[in-house]
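K.L.:
Numbering (this note's numbering), first residue to last: 413 to 570.
I'd like to ask you about the structure that follows.
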């Protein structure tokens, strides 16, 4: 078992240069536990917080380097989307509450997003996607159904 905890006062200051991009300037914390074997670790109570936004993950990581067999469930809650941006943006939709939950799996060199539900103040969307990982010959497939107060959208792409 491996317990981990990483925290700081600004994600940008801690990892911006390492990531090679601008990151949120909010306080952050990442904590959780890895258990199981080297070839099939379990993610137990992985929780991340950036400002007031939270991400919780439970699941199993597949065998490196392909990660095939990975299965994880996640829940993301973002009280204000603008809080996650490195620079302020003044738009009404950026100050709204959003959340997402669903499952992630890796199988046959493809990342599969399953049963993803995304909600906001005035919208809800369902997402299913299969995305090829590096060096895969498979094509991406996406199904998105979204509904807002005055809009209905359905997209299927292969």
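Ideal placement from N, C-alpha and C gives every residue a C-beta, glycine not left out.
Does the Cβ-Cβ distance between residue 512 and residue 528 come in under 9 Å?
P.N.:
Remark: C-beta atoms of residue 512 and residue 528 approach each other more closely than 9 Å.
K.L.:
Can you say whether residue 441 is buried or exposed, counting buried as having 16 or more other CB atoms within 10 angstroms of its CB?
P.N.:
exposed
K.L.:
Answer yes or no: do residue 444 and residue 426 have a C-beta to C-beta separation smaller than 9 Å?
P.N.:
no
K.L.:
Which runs of the beta strand (DSSP E) at least 3 residues long sit entirely within the segment 481 to 564? Give them in chain order.
P.N.:
Taking only runs of at least 3 residues, the beta strand (DSSP E) segments lying wholly in the segment 481 to 564 are 483 to 490, 510 to 519, 522 to 532, 535 to 544, 553 to 560.
K.L.:
Can you find at least 3 beta carbon pairs, one from the segment 469 to 487 and one from the segment 413 to 421, that sit closer than 8 Å?
P.N.:
no
K.L.:
Buried or exposed for residue 436, going by 16 or more other Cβ atoms inside 10 Å?
P.N.:
buried
K.L.:
Determine the DSSP secondary structure at residue 415, reduced to helix, strand or coil.
P.N.:
strand
K.L.:
Measure from the alpha carbon of residue 422 to the alpha carbon of each residue in 489, 499, 537, then state which is nearest.
P.N.:
499
K.L.:
With H, G and I counted as helix, E and B as strand and the rest as coil, what does DSSP make of residue 470?
P.N.:
Residue 470 falls in the strand class under three-state DSSP.
K.L.:
Taking the continuous beta strand (DSSP E) assigned at residue 440, which residues delimit it?
P.N.:
Run containing residue 440: 440 to 449, per the beta strand (DSSP E) assignment.
K.L.:
Could you please give me the residues that DSSP links to residue 476 through a beta bridge?
P.N.:
According to DSSP, which records beta bridges pairwise, residue 476 is partnered with nothing at all.
K.L.:
On the three-state DSSP scale, how would you describe residue 427?
P.N.:
helix
K.L.:
Would residue 537 and residue 559 qualify as a contact pair, given that the criterion is a beta-carbon distance under 9 Å?
P.N.:
A contact, by the Cβ cut-off of 9 Å.
K.L.:
Can you tell me whether residue 482 is buried or exposed, with buried defined as 16 or more other CB within 10 angstroms of its CB?
P.N.:
buried
K.L.:
DSSP three-state call for residue 420: helix, strand or coil?
P.N.:
strand
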